[in-house]
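If you're matching them up, the sequences are chains H and A in order.
Residues in the first sequence are numbered from 1 upward in steps of one, following the working numbering.
Residues in the second sequence are numbered from 228 upward in steps of one, following the working numbering.
A virtual CB, placed ideally from N, CA and C, is assigned to each residue, including glycine.
There are 2 protein chains.
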Amino acid sequence: MIDTSAAIALVRTASLSSLVEAEVMRLILAGDLDSGEQIKEVKIAERLGVGRSSVREALRALEAAGLVRIEKNRGAFVRVVSETEAREMYVVREALEGLAGALLAPRISDEEITELRARVDELETYLDPVDFHRYFPLNLTFHRRIFEMTGNGRLIEIYQRLTNELHTIRRNGLLRGGGLSVSNTEHRAIVEALAARDPVAASAALKAHVAAGARRRTGHREERVVA
Amino acid sequence: MIDTSAAIALVRTASLSSLVEAEVMRLILAGDLDSGEQIKEVKIAERLGVGRSSVREALRALEAAGLVRIEKNRGAFVRVVSETEAREMYVVREALEGLAGALLAPRISDEEITELRARVDELETYLDPVDFHRYFPLNLTFHRRIFEMTGNGRLIEIYQRLTNELHTIRRNGLLRGGGLSVSNTEHRAIVEALAARDPVAASAALKAHVAAGARRRTGHREERVVA
DNA sequence: TTCTTGTCGATTGTTGACAATGTCAACCGC
DNA sequence: GCGGTTGACATTGTCAACAATCGACAAGAA
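Right, here's the structure in full:
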């Protein structure tokens, strides 16, 4: 049973459509809904026990968020990001991560440095491809935390949105091309640059990490044209 | 009367809610709807002759786009960007414009250089504060064109979104603190750096321009806390 | 065969109705 | 007066019904 006060807070602030939105987003990010798959309104509505309007509102929001594509009279589909788009997004992401590093380096606290070091250590224990299902979310968190620590809400939001759209793609990249151990070596370099409070070095380390990630991905994925 | 083929294309691709979305966005950007003002669903619905659901879907999309804030059971409001948020957004925008400059410099065509020079010249003719209503949109176009020329669709989209949210704020900034002539001198420097195909200089010029814009704004605007 | 045309079921687009909630002013007891 | 309560009104939240559209399949003609 749900905590009563939490339930009250929920009903007070969350509309049905916002809940549906969260749930569908979860389904997409978790991979329960495949890229390109059609999202049928009635199906979602029945499954969650809500009216179709709430689902439609949620889908509209997700479309604006870039997770879903809506074609008139045809329906909503989990958005497929083409190879071209993926490349574009990596370019932007590189710049954003660089900015995050530059912003964070001068203001990072000792506790935050400790936290990041601990996260890299934890990642270190899952370098085996077998443990990928553990490594992957921890990796996402590591990067997200860096953005969160900058304290720039808008930057966090834009990054989060980009990450959401890239989720399928990124999963692939990590496993190939040198793989997890190389990636985590780069993580360590990032943290040490931040610990040295060196904005230029931190920015460079983060940019290099993203660029390397993009390279790891390229070549392992065919050109995928979206309609 | 509307061109028939255009009408067909419209009906084919545009849902009512997407049209409503575009119209409400226009109202907000044009200033017909003030910051913080409540957007009443029935009012919009009647005015455009559509049902309330279409309006609701449009508002959901606009919320995700950052132009509108929706509070459960209270309604939709034109989003007010606080001073803190504005500062955050300028930091991000600075990085994005820098990126755009770095990307564009190596690939800009002669025709594009000519176009940008022409735009700066045109801006030059409206430096008088009286002509601000002309200067403002041209200035927006100038910056947007630079992003469009990079050819990076994702970058363009993120920039456009940021711009939309900043529109009210930016209007104020330009008029004060040295004003239009200083701003256009900076524009000229940007174009010349691009014309020289120098990524570092172009990036720096654009970043400097944004930073200067942020400074022009600051101090002329009181801290404005959003609820 | 191959192309066109008609029909049908599934799905989305749009609307209006009803319920739930918030707002605000008039009213009451103190 | 003043804080709190009540009730009417305005507005939003949700739903179910109806209309429009699409895709698939079958029937018929060239």
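Please report the Cβ distance between residue i and residue j, rounded to the nearest whole angstrom; I am assuming they are in contact, meaning their Cβ atoms lie under 8 Å.
{"i": "LEU104(H)", "j": "ALA202(H)", "result": "7 Å"}
{"i": "SER262(A)", "j": "THR395(A)", "result": "6 Å"}
{"i": "PRO333(A)", "j": "PRO426(A)", "result": "6 Å"}
{"i": "ALA189(H)", "j": "ALA205(H)", "result": "5 Å"}
{"i": "ILE44(H)", "j": "VAL20(H)", "result": "7 Å"}
{"i": "ASN391(A)", "j": "LEU256(A)", "result": "7 Å"}
{"i": "GLY153(H)", "j": "GLU321(A)", "result": "The pair is not a contact, with the Cβ atoms about 16 Å apart (cut-off 8 Å)."}
{"i": "ILE385(A)", "j": "LEU323(A)", "result": "7 Å"}
{"i": "ARG287(A)", "j": "ARG60(H)", "result": "5 Å"}
{"i": "ASN184(H)", "j": "LEU123(H)", "result": "5 Å"}
Under 9 Å Cβ-Cβ, which residues of chain H neighbour residue i?
{"i": "GLU181(A)", "result": "What is shown of chain A runs 228 to 454, which leaves residue 181(A) out entirely."}
{"i": "LEU256(A)", "result": "In chain order: nothing, as chain H lies at least about 16 Å away."}
For a contact meaning CB atoms closer than 7 Å, what does residue i contact in chain A?
{"i": "THR13(H)", "result": "LYS299"}
{"i": "ILE44(H)", "result": "Residues of chain A passing the Cβ test: none, with the nearest at roughly 15 Å."}
{"i": "ALA22(H)", "result": "Per Cβ cutoff of 7 Å: no residues; ALA22(H) is ~13 Å from chain A at best."}
Under 8 Å, Cβ to Cβ, is there at least one residue of chain H near residue i?
{"i": "ALA454(A)", "result": "Only weak support exists for where ALA454(A) lies, its pLDDT of 31 falling under 50; the coordinates are left without a value."}
{"i": "ARG444(A)", "result": "no"}
{"i": "LEU433(A)", "result": "no"}
{"i": "ILE266(A)", "result": "no"}
{"i": "GLU312(A)", "result": "yes"}
{"i": "LEU237(A)", "result": "no"}
{"i": "ALA233(A)", "result": "no"}
Flag residue i as yes if its beta-carbon sits less than 8 Å from any beta-carbon of chain A, otherwise no.
{"i": "ASN164(H)", "result": "no"}
{"i": "VAL78(H)", "result": "no"}
{"i": "MET25(H)", "result": "no"}
{"i": "ARG221(H)", "result": "Because ARG221(H) sits at a pLDDT of 43, beneath the cut-off of 50, its placement in the model cannot be relied upon, and the following sentence gives the value as read from the coordinates. Chain A contact via Cβ: absent."}
{"i": "ILE158(H)", "result": "yes"}
{"i": "ALA201(H)", "result": "no"}
{"i": "LEU155(H)", "result": "yes"}
{"i": "LEU48(H)", "result": "no"}
{"i": "VAL210(H)", "result": "no"}
{"i": "ARG224(H)", "result": "Any answer about ARG224(H) is weak, because its pLDDT of 37 lies below 50 and its placement is not dependable; what the coordinates show is given next. No, no contact with chain A."}
Cα-Cα, which of the options is closest to residue i?
{"i": "ARG228(H)", "options": "ALA100(H), ILE28(H) and LEU19(H)", "result": "This structure cannot settle anything about residue 228(H), because the visible part of chain H is limited to 1 through 227."}
{"i": "VAL307(A)", "options": "VAL318(A), GLY293(A) and ARG320(A)", "result": "GLY293(A)"}
{"i": "THR352(A)", "options": "LEU365(A), GLU342(A) and HIS370(A)", "result": "LEU365(A)"}
{"i": "ALA422(A)", "options": "GLU375(A), TYR362(A), VAL347(A) and SER336(A)", "result": "SER336(A)"}
{"i": "ARG443(A)", "options": "GLY406(A), GLU413(A) and LYS434(A)", "result": "GLY406(A)"}
{"i": "GLU57(H)", "options": "LEU254(A), GLU321(A), SER245(A) and GLU250(A)", "result": "SER245(A)"}
{"i": "ARG197(H)", "options": "HIS209(H), GLU83(H), ASN73(H) and GLU112(H)", "result": "GLU112(H)"}
{"i": "ARG47(H)", "options": "GLN38(H), VAL24(H), THR185(H) and GLU63(H)", "result": "VAL24(H)"}
{"i": "LEU74(H)", "options": "TYR135(H), THR218(H) and ILE39(H)", "result": "Here the sequence assigns Arg to residue 74(H), which means Leu is not the residue at that position. Looking at the Cα atoms, ILE39(H) is the closest of the given residues."}
{"i": "GLY151(H)", "options": "GLU349(A), ALA249(A), VAL305(A) and ARG314(A)", "result": "ARG314(A)"}
{"i": "MET89(H)", "options": "ARG161(H), VAL191(H), THR13(H) and VAL182(H)", "result": "ARG161(H)"}
{"i": "VAL409(A)", "options": "ASP259(A), LEU393(A) and VAL347(A)", "result": "VAL347(A)"}
{"i": "HIS360(A)", "options": "GLU310(A), ARG239(A), GLY258(A) and SER232(A)", "result": "GLY258(A)"}
{"i": "THR341(A)", "options": "PHE369(A), VAL305(A), PHE363(A) and VAL318(A)", "result": "PHE369(A)"}
{"i": "ALA241(A)", "options": "VAL42(H), ALA14(H) and GLU71(H)", "result": "GLU71(H)"}
Under 8 Å between beta-carbons, which chain H residues line up against residue i? List them in chain order, please.
{"i": "LEU246(A)", "result": "Under the 8 Å cutoff, chain H gives no residues; its nearest Cβ is about 11 Å from LEU246(A)."}
{"i": "ASN379(A)", "result": "GLU88, VAL91 and VAL92"}
{"i": "ALA420(A)", "result": "Within 8 Å Cβ-Cβ: nothing; ALA420(A) doesn't reach chain H, min ~18 Å."}
{"i": "LEU326(A)", "result": "VAL91, VAL92 and ALA95"}
Taking Cβ-Cβ distances shorter than 8 Å, what residues in chain A pair up with residue i?
{"i": "SER53(H)", "result": "SER280 and ARG283"}
Restricting to runs no shorter than 3 residues, where is the beta strand (DSSP E) found entirely within the stretch 245-327 of chain A? As summarised for the stretch 245-327 of chain A, the continuous beta strand (DSSP E) elements at least 3 residues long and confined to that stretch are 295-298 and 302-305, given in chain order.
Contiguous alpha helix (DSSP H) assignments of at least 4 residues, all confined to the stretch 370-439 of chain A: For the alpha helix (DSSP H) assignment, the uninterrupted runs of no fewer than 4 residues enclosed by the stretch 370-439 of chain A are, from N- to C-terminal side, 380-402 and 406-422.
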